[in-house]
Amino acid sequence: AQKVTQAQTEISVVEKEDVTLDCVYETRDTTYYLFWYKQPPSGELVFLIRRNSFDEQNEISGRYSWNFQKSTSSFNFTITASQVVDSAVYFCALSEEGSNYQLIWGAGTKLIIKP
Amino acid sequence: DAMVIQNPRYQVTQFGKPVTLSCSQTLNHNVMYWYQQKSSQAPKLLFHYYDKDFNNEADTPDNFQSRRPNTSFCFLDIRSPGLGDAAMYLCATSRGGVGQNYQPQHFGDGTRLSIL
Numbered sequence: 089a090q091k092v093t094q095a096q097t098e099i100s101v102v103e104k105e106d107v108t109l110d111c112v113y114e115t116r117d118t119t120y121y122l123f124w125y126k127q128p129p130s131g132e133l134v135f136l137i138r139r140n141s142f143d144e145q146n147e148i149s150g151r152y153s154w155n156f157q158k159s160t161s162s163f164n165f166t167i168t169a170s171q172v173v174d175s176a177v178y179f180c181a182l183s184e185e186g187s188n189y190q191l192i193w194g195a196g197t198k199l200i201i202k203p
Numbered sequence: 012d013a014m015v016i017q018n019p020r021y022q023v024t025q026f027g028k029p030v031t032l033s034c035s036q037t038l039n040h041n042v043m044y045w046y047q048q049k050s051s052q053a054p055k056l057l058f059h060y061y062d063k064d065f066n067n068e069a070d071t072p073d074n075f076q077s078r079r080p081n082t083s084f085c086f087l088d089i090r091s092p093g094l095g096d097a098a099m100y101l102c103a104t105s106r107g108g109v110g111q112n113y114q115p116q117h118f119g120d121g122t123r124l125s126i127l
């Protein structure tokens with residue numbers, strides 16, 4: 089069965105520290121897509137990144153980086169030199185080929201960046 | 012800017028009194044979704060439209076209905092809101108088509124519904 093696990097319910101760090109948010113997924117499909125979304129306190133969900141199952145290249149976007157490892161079924165998200173504005177709930181999600189547009193969501197990790 | 016707009020931002024209704032939430036989009040996406048999100052939980056998909064085709068999730072209560080009169084607009088109707096329906100309701104859109112499951116969903120700001 090498909091599943092997304094974000095084991096870290098809440099993480100609190102001091103500004104400028106690096107922080108990694110973990111995401112582990114389960115799927116039987118060979119073609120699937122992984123997403124990260126950010127939900128700041130204001131409530132809107134913001135798309136951050138998508139990865140497909142055939143592309144294991146790591147991605148870097150400014151202070152954000154993503155590490156996709158099929159061998160461990162993980163798609164972890166690292167924020168370097170964290171800032172207060174990074175405080176939000178971060179969701180990892182999985183979409184399988186042929187899933188009729190349904191996303192399987194992780195429970196989310198609440199990230200608190202203290203000044 | 013192309014976007015997904017939800018109105019109102021906050022909605023208060025009485026127990027049992029029908030309420031309608033609205034969503035519009037300028038992205039011209041053919042798939043529109045409604046999610047319910049309760050505090051400290053992930054969004055829960057209620058239903059989605061692929062063009063005019065309505066797709067209801069198996070566990071979505073009958074109390075929740077939806078209408079999509081055209082590509083740009085989608086409505087969520089709650090026929091008889093109960094206290095348990097108090098939540099954030101999120102509308103999202105994405106491009107659809109054969110093999111388009113990889114398209115990201117774009118969300119509105121949400122409507123926070125309170126039940127008195």
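In order, the protein sequence lines correspond to chains A and B.
Every letter in the first sequence is one number past the one before it in our numbering, and letter 15, counting from 1, is 103.
Every letter in the second sequence is one number past the one before it in our numbering, and letter 46, counting from 1, is 57.
For glycine and all other residues, C-beta sits at the position ideal for the given N, C-alpha and C.
Computed from a predicted structure; not experimentally measured.
### Message
Less than 7 Å between the beta carbons of Q17/B and C34/B, yes or no?
### Response
yes
### Query
Can you list, in chain order, the residues of its chain whose CB lies under 6 Å from that of Q11/B, leaving out five sequence neighbours each side?
There is no way to answer for residue 11/B, as the model of chain B reaches only from 12 to 127.
### Message
Does V81/A come out as helix, strand or coil in the three-state DSSP assignment?
### Response
The structure shown does not extend to residue 81/A, since chain A is modelled only from 89 through 203, so no value can be given for it.
### Message
Would the region 158-174 of chain A count as touching the region 79-89 of chain B if we require 3 or more Cβ pairs under 8 Å?
### Response
no
### Task
Quick one: using the 10 Å Cβ neighbour count with 16 as the cut-off for buried, is G93/B buried or exposed?
exposed
### Query
In whole angstroms, what separates the C-alpha of A95/A from that of V102/A?
21 Å
### Task
Closer than 8 Å by beta-carbon distance: list the chain A residues that pair up with P80/B, in chain order.
Under the 8 Å cutoff, chain A gives no residues; its nearest Cβ is about 20 Å from P80/B.
### Query
Along chain A, which residues have their Cβ under 8 Å away from the Cβ of G119/B?
E132
### Message
Does E184/A pass the burial test, meaning 16 or more other C-beta atoms within 10 Å, or should it be called exposed?
### Response
buried
### Query
So is G150/A buried or exposed if we call it buried at 16+ other beta carbons inside 10 Å?
Exposed: under 16 other Cβ atoms inside 10 Å.
### Task
State the DSSP-derived secondary structure class of T160/A, mapped to helix, strand or coil.
helix
### Message
In whole angstroms, give me the CA-to-CA distance for Y113/B and L127/B.
### Response
Rounded to whole angstroms, Y113/B to L127/B spans 40 Å at the Cα level.
### Query
V42/B touches chain A at which residues, Cβ-Cβ below 7 Å?
Chain A residues near V42/B: Y189.
### Message
One question on the structure: do L124/B and P54/B come within less than 7 Å of each other, judged by their Cβ atoms?
### Response
Going by C-beta atoms, L124/B is not nearer than 7 Å to P54/B.
### Message
Whether or not the region 185-201 of chain A and the region 105-112 of chain A are in contact is what I'm after, with contact meaning three or more pairs of Cβ atoms, one per stretch, closer than 8 Å; do they touch?
### Response
yes
### Cβ shell of S100/A (< 6 Å), same chain only, five flanking positions each side left out
Scanning its chain for C-beta atoms nearer than 6 Å, with the 5 sequence neighbours on each side dropped, one finds around S100/A the residues I200, in chain order.
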